[in-house]
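Notes follow once the structure below has been shown.
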Amino acid sequence: QSNLTQTYNIYDNQDTVGNIFLDRGKVKIHEISAYISLIAGDMHLDDIERTIENKTNKNMFLYMWLSDNYERLNLGKFEYIILDCHPDFSTATKNAVIISNAILSPITPSEHGYNAKFNLEERINELRKEAIDYSTRKSYVTTKLFFIANMIKHNTRSSRELLKALKGDPSVLATVPEKELFNRSTLDKKSLSKMAEDHKTYIDQHEFFNSMDKTFNEITEKL
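Residue numbers for the sequence shown, in the working numbering: 8 to 230.
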């Protein structure tokens, strides 16, 4: 899927992130604004994952690509490199985990939401033991795992139970409410900060905008 890519009206199927996993190297960095650039996602990434499934270095393609291209593409100019992953633990996700300093994983108030927290912790610990430098025995996985309580409603039992279970957990950085504005943001291809520039929208939703601004700042500080 390329949902985030298409949110920014990028529909290229050439020089996508898929090339990194095909060991072709060449990708195109799209400049969206003065503050955001992206490498397009690949609609066929799941097919690409299947083609590299039997390669012994399948989890290290992104690590090697960064090592080869970090200076050439001047990637150091970016304050953050954010990797948008599927909610699974596929080969592409493992590649992302290996190069990440921090992981932000949403937890939703659903039947499997809280259990997913423990499942992800276990999978990352397994990868930590598996992805090692054999000469030093040091793991390539150095990331810290954090969680966001997401799509929280103030008036449902499931949300209250989830928040109670997460209370006091230092790995949970923030709570994000369920809000129609998030859907509107995706449909209109407009960020929350842009939406807040509309005077009427801001007046109507100023408490939400101020709360989310505070939440995002807190997440950034904790990372």
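Note that the Cβ used here is the ideal one computed from N, Cα and C, for glycine as well.
Asked	Found
Phe215 beta carbon less than 9 Å from that of Pro177	no
Lys174 to Lys33 span [Cα, whole Å]	45 Å
Secondary structure, alpha helix (DSSP H): runs of 4+ residues fully inside the region 106-165	120-137
Close Cβ partners of Ala109 (< 7 Å) along its chain, the five nearest in sequence each way excluded	Thr150, Lys151, Phe153 and Leu230
Test item: CB-CB of Ile17 and Leu45 under 9 Å	yes
Under 9 Å between C-beta atoms of Ile155 and Ile226	yes
Rounded C-alpha distance that separates Leu127 from Ser97	12 Å
Inter-residue CB distance, Leu90 and Ala103 (contact presumed, cutoff 8 Å)	4 Å
With 16 other Cβ atoms within 10 Å as the buried cut-off, status of Gln212	buried
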